[in-house]
Each structure stands twice: as C-alpha cells, then as structure tokens.
Amino acid sequence: RTKSITQKLLTQFPHKTWVIDAGSLQVINPKVIPPHSILTTNPQEFTLLFGQNLKNQPQPKIIQQVTCKAQTHNCTILYKSSTAVVSNGQTTFLVKKDHPGLTKGGTGDCLAGLTTALATKNPPLLAASAASFIGRTAAADLATTKGACYNADDLASQIPSTFHRLTTKT
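Position in the sequence shown counted from 1, then plus 17, gives you our numbering.
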C-alpha cells in the first residue's frame with residue numbers, strides 16, 4: 018500500500034520537490050524518484066532502495082556511492098550515519114556533529130520535517146545540509162542537559178531554540 022501510494026504521488030507530481038523518508042524509501046523503485054527530490058536515508062534504507070550496502074564501509078566509499086546515486090537520480094541524498102553525507106551529485110557536504118540519541122525512533126522524522134520546512138524556500142542541497150546541521154546541533158544541545166536520554170519530542174522541542182541561537186548574531 019505504501020509503495021503504490023508513494024509511486025502514484027511521485028509520478029503524478031514529478032515537478033514538486035519531494036522529501037522522501039522512511040517507509041517510502043524502503044519500497045519505491047528508484048526509477049520513479051522525481052528530479053530535485055530529497056532522500057533522507059539511513060544505511061538500511063539506502064540498501065533497500067539502491068541495492069548497495071554501505072554499512073561498515075569506509076567513509077570515502079560511502080561518500081563516493083552517495084554522490085554517484087545522487088547524480089544518477091538527479092536528486093539530493095542525505096545519508097544519515099555518524100557523519101552525515103549530503104550530496105546532489107555535484108556538491109557533497111559532510112556533517113560531522115553526531116550524538117547517539119539520534120538513533121532513537123522518531124528523530125529521523127524530526128529531520129525529515131525540518132528538511133521539508135527548509136525546502137519550501139531553499140534549494141534541496143541547502144535544505145538537507147542545513148537540516149542535518151541544525152538537527153545534530155539541537156541533539157548536542159540536548160546532550161548537555163539530558164545526555165542520550167531524550168526522545169523525538171525533546172528533539173522537536175529543542176530545534177526552534179537551537180535554530181534561533183544559530184541564526185542570531187551576538
């Protein structure tokens with residue numbers, strides 16, 4: 018059901034900038050990825066989508082494969098790992114700030130939501146890179162008070178104040 022709904026929407030509205038996450042990444046055919054879409058993949062989703070397992074691969078191989086797939090499919094990929102790789106096939110950014118709390122259920126949904134919000138007014142590469150940086154910085158901010166003991170609701174609540182801090186001149 019997820020596959021048919023996702024593929025129907027993607028093929029019906031290929032001119033839209035889509036943020037594709039979670040279950041949809043696990044079932045769609047890569048051939049229906051519209052140009053300029055943003056894919057927020059974890060290692061398992063990347064493997065299911067593209068048939069390439071990058072888990073436990075060296076960083077240069079991950080960067081090369083993410084960049085290649087982004088270029089092949091004319092999309093932006095935000096590959097979520099200890100160092101996030103964000104690429105549109107021409108430009109690639111690494112977001113190194115990481116926190117173990119980001120592996121909890123729902124934190125990827127926060128990232129997808131933030132990416133979607135930023136993509137409404139920004140190019141896909143900028144939206145995905147900024148969302149990754151802001152989300153990871155918010156997680157680091159939470160770590161100062163909660164360690165790794167936070168959940169997705171905590172992260173969603175932290176993002177606005179972290180964003181404000183990052184964008185306000187002092």
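Glycine included, C-beta positions come from ideal geometry on N, C-alpha and C. Computed from a prediction, not measured in an experiment: that's the story for all the values here.
Cβ-Cβ separation, residue j to residue i (assumed contact under 8 Å), whole Å
i    : j    : result
A169 : D126 : 6 Å
T57  : T120 : With 8 Å as the limit, T57 and T120 do not qualify as a contact, their Cβ atoms being about 14 Å apart.
Endpoints, the alpha helix (DSSP H) within which residue i is located
i    : result
F30  : Per DSSP, F30 belongs to no alpha helix (DSSP H) and is neither H nor E.
K183 : Correcting the residue type first, residue 183 is Leu in the shown sequence and not Lys. Unbroken alpha helix (DSSP H) run through L183: A169 to T184.
Endpoints, beta strand (DSSP E) assigned at residue i
i   : result
L56 : I55 to T58
T93 : T93 to Y96
Simplified DSSP state of residue i, which is helix, strand or coil
i    : result
A101 : strand
I151 : helix
I193 : The displayed coordinates of the chain run from 18 to 187. Any statement about residue 193 would go beyond what the structure contains.
I79  : helix
I22  : helix
L111 : strand
Residues near residue i in its chain [Cβ-Cβ closer than 7 Å; skip 5 each side]
i   : result
A7  : Residue 7 lies beyond the residue range present for the chain, which begins at 18 and ends at 187; the question has no answer from this structure.
V49 : Q24, L27 and T28
Inspect the CB distances between the stretch 61-68 and the stretch 31-47 and report whether three or more fall short of 8 Å.
yes
Are there three or more Cβ pairs, one per stretch, closer than 8 Å when the stretch 155-165 is compared with the stretch 94-109?
no
When the Cβ atoms of the stretch 89-98 are set against those of the stretch 141-151, are three or more pairs found closer than 8 Å?
yes
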